[in-house]
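> In the numbering used here, the protein residues as written are 749 to 940. Ideal placement from N, C-alpha and C gives every residue a C-beta, glycine not left out.
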C-alpha cells in the first residue's frame, strides 16, 4: 500500500540517498516520493503465504525470493517500487554495492489494496514492463479469490484470470505451480 506524499521533486539519485536513511519504506515515481502505508492482515498473510510457497519450491534452484523489502528499479530515469514478492533467477544484478535495489527480477507479485489496485494494474505495470528480465506479473486480490497473471510472450503480454480455489497458478518462468487454495488458505473461510 502506498500514499502520495508532498509534491517535492527529487532526482533518482537524491531519492535513493534519502530513502536509505528513512525508517519506513517509500517508493519513487515520476520524481515524487510515495510513502508506503501499513498493509492489512489479509494482505500480509497472502504475501507471506505465496512467498513461502514459492521459496519452498525454489529451494534447490538458482532463484531467490524476496518479500516486501527488496526495492526494484524499473529504469535509470524511472521509478523505484517495493513489490510484495519478487523472484530473481541466476545472478541478481543490483544498482550499486548496497545490494538493496534489484535490477533484473523475473517475477513480480503485487497483492492489491483498494487504494493501489488501479495504479498496480495500470501505470505501475507499464513501468515494470520496461524491465527486459521480467517474464511474469501477478496481481492478487485480498478481498476475493482473484489472481491476474500476465506473462510475456515475445513483445506481447498475455493475461489469464483465476477465480476458484481449485485453480492453480502456473509460473512458467520459474517452473512453479501454486494452488490458489494455498494463496488464500488463511484469508478465505472456505479455503480450508
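Can you give me the start and stop residues for the beta strand (DSSP E) that residue 906 sits inside?
Its beta strand (DSSP E) spans residues 904-910.
> Taking 8 Å as the cut-off, does the segment 868-875 touch the segment 908-915 (at least 3 CB pairs, one atom from each stretch)?
No contact exists between the segment 908-915 and the segment 868-875.
> Roughly how many whole angstroms lie between the Cα atoms of residue 798 and residue 804?
Rounded to whole angstroms, residue 798 to residue 804 spans 10 Å at the Cα level.
> Using the three-state DSSP reduction, which class does residue 810 fall into: helix, strand or coil?
In the structure shown, residue 810 sits in coil (DSSP, three-state: anything other than H, G, I, E or B).
> Residues in its own chain within less than 7 Å of residue 922 by CB, not counting five upstream and five downstream?
Excluding positions up to five away in sequence, the list reads 806, 811, 835, 837, 854, 855.
> Can you give me the Cβ contacts of residue 759 inside the same chain, cut-off strictly under 8 Å, excluding the 5 residues immediately before and after it?
The answer, listed in chain order, is 779.
> Let's test the definition: count the other Cβ atoms within 10 Å of the Cβ of residue 831 and tell me whether it reaches 16, buried, or not, exposed.
The residue in question, residue 831, is buried, as its Cβ has 16 or more Cβ neighbours within 10 Å.
> Figure out for me which residue from 849, 867, 866, 859 has the closest Cα to the Cα of residue 765.
Ranking 849, 867, 866, 859 by Cα distance to residue 765 puts 849 first.
> Please go through the same chain and pick out, in chain order, the residues whose beta-carbon is closer than 6 Å to the beta-carbon of residue 918, but skip the five residues on each side of it.
Excluding residues within five positions, the ones whose Cβ falls inside 6 Å are 925.
> Counting only runs of 3+ residues fully inside the segment 812-852, write out the beta strand (DSSP E) ranges in chain order.
Entirely contained in the segment 812-852, the beta strand (DSSP E) runs reaching 3 residues are, in chain order, 819-821, 833-837.
> Taking all protein chains shown into account, do 16 or more other C-beta atoms lie within 10 angstroms of the C-beta of residue 774, making it buried, or fewer, making it exposed?
When all chains shown are included, residue 774 counts as buried.
> Check the Cβ-Cβ distances between residue 892 and every residue of chain C, and say whether any is below 7 Å.
Checking the listed chains, one finds no chain C in this structure; it contains a single protein chain.
> Along the beta strand (DSSP E) that carries residue 887, what are the first and last residues, could you check?
Looking at the DSSP string, the run of the beta strand (DSSP E) that includes residue 887 is 884-889.
> Please work out which residues of its chain come closer than 8 Å, Cβ to Cβ, to residue 768, disregarding the five sequence neighbours upstream and downstream, and give them in chain order.
Hits under 8 Å: 846, 848.
> In whole angstroms, what is the alpha-carbon distance linking residue 903 and residue 792?
So the alpha carbons of these two residues sit roughly 33 Å apart.
> Is the distance from the Cβ of residue 827 to the Cβ of residue 776 below 7 Å?
In contact: residue 827 and residue 776 (Cβ atoms closer than 7 Å).
> Using beta-carbon positions only, say whether residue 953 and residue 895 come within less than 7 Å of one another.
With the chain covering 749 to 940 only, the question about residue 953 has no answer from this structure.
> Hey, quick one: how far does the alpha helix (DSSP H) through residue 993 stretch, first residue to last?
Given a span of 749 to 940 for the chain in the structure shown, any question on residue 993 remains unanswerable.
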